[in-house]
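Input: a single structure, listed below in structure tokens.
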Amino acid sequence: MRKVIIFLSLLLVVVIISAFSENTNNTNNSTYFTESISSVPTEAEVISQDHNIPFIGNSFNGFRDAVAFKESQGRYHIVNTLGYLGKYQFGKSTLQRFNIHNTQEFLNSPELQEEAFVALCSLNKWILRKDIERSVGKKINGVEITESGILAAAHLAGAGNVKKYLRSYGEQTFKDAYGSSVQHYIKEFSGYNTSFIVANKKPVV
1 MRKVIIFLSL LLVVVIISAF SENTNNTNNS TYFTESISSV PTEAEVISQD HNIPFIGNSF
61 NGFRDAVAFK ESQGRYHIVN TLGYLGKYQF GKSTLQRFNI HNTQEFLNSP ELQEEAFVAL
121 CSLNKWILRK DIERSVGKKI NGVEITESGI LAAAHLAGAG NVKKYLRSYG EQTFKDAYGS
181 SVQHYIKEFS GYNTSFIVAN KKPVV
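Right, dumping it as structure tokens:
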């Protein structure tokens, strides 16, 4: 009888230890799973992080951040070796087109830089409206043409050079002083939703 009691007692201890270990493992796994999900940044969180990490999405904000990261790593106050200014690397002649003449004020105003970027996209979309209509969905040199790719390339090279590229089916191309080409920008910035941009011949900043 005594042996039976000892056996049952040991069996009870083993069952209790096993149940406790299983519960601990489940708790740890649940905590890890929850933390893993919550660590993924949202678009709003990414945009709020000084644009150090471009949001990988196809929204207009995704497009804007991707272009900014490519141009300046999202830094508002930078001036490159060729004198291009700000987050989107504007040339002085482009800024003057929008009646922006004080470059220091421009560098110190994130709001003005964002407005200028939208204005330039609107102007380029108007200049290239026929080319966008004719070319989107086609392939040139194996690269699918999209509206966002065209607008990004126009930001790099100017609308005139993008026209030449599209109308020559890629034979007339352009590269900037750092080696970035129209074709590269069309490919890299393809597929974003730029329907937010309204074509405008005379956009105001």
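If you're matching positions, the sequence shown starts at 1 in the numbering used here and goes up one per residue.
Ideal Cβ placement from N, Cα and C applies to all residues, glycine included.
Nearest C-alpha to Gly170 among Ser122, Ser93, Lys138, Glu147: Lys138. Inclusion of Thr103 and Leu123 in the CB contact set at 8 Å is not warranted, their separation being larger than that value. Annotation for Glu188: the continuous alpha helix (DSSP H) segment containing it runs 182 to 188. Judged by pairs of C-beta atoms under 8 Å, the stretch 173 to 182 touches the stretch 140 to 159, as three or more such pairs exist. Counting only runs that start and end inside the stretch 127 to 198, the alpha helix (DSSP H) elements of at least 4 residues fall at 129 to 135, 147 to 157, 159 to 167, 182 to 188. In this structure, the alpha-carbon of Phe117 lies about 24 Å from that of Arg134. Annotated three-state conformation of Phe69 is helix, per DSSP. Note: Phe90 is bridge-paired with Leu85 in the DSSP secondary-structure output. Note on geometry: alpha-carbon atoms of Leu107 and Ala119 lie some 17 Å from one another. Between the beta-carbon of Gly149 and that of Lys187 there is about 7 Å, and that keeps the pair under the 8 Å contact cut. Annotation: Gly57 to Phe63 spans about 8 Å, alpha carbon to alpha carbon. Assignment of Val79 by DSSP, reduced to helix, strand and coil, places it in the strand class. Under the three-state reduction of DSSP output, Pro203 falls in the coil class, being neither helix nor strand. If you ignore the 5 residues before and after Gln89, its C-beta comes within less than 7 Å of the C-beta of Glu71, Ser72, Asn80, all in its own chain and listed in chain order. Between Leu128 and Ala157 the beta-carbon gap is near 12 Å, outside 8 Å, which marks them as no contact.
In the three-state scheme derived from DSSP, where H, G and I count as helix and E and B as strand, Asn61 is classed as helix. In the three-state reduction of the DSSP assignment, Ser122 falls in the helix class.
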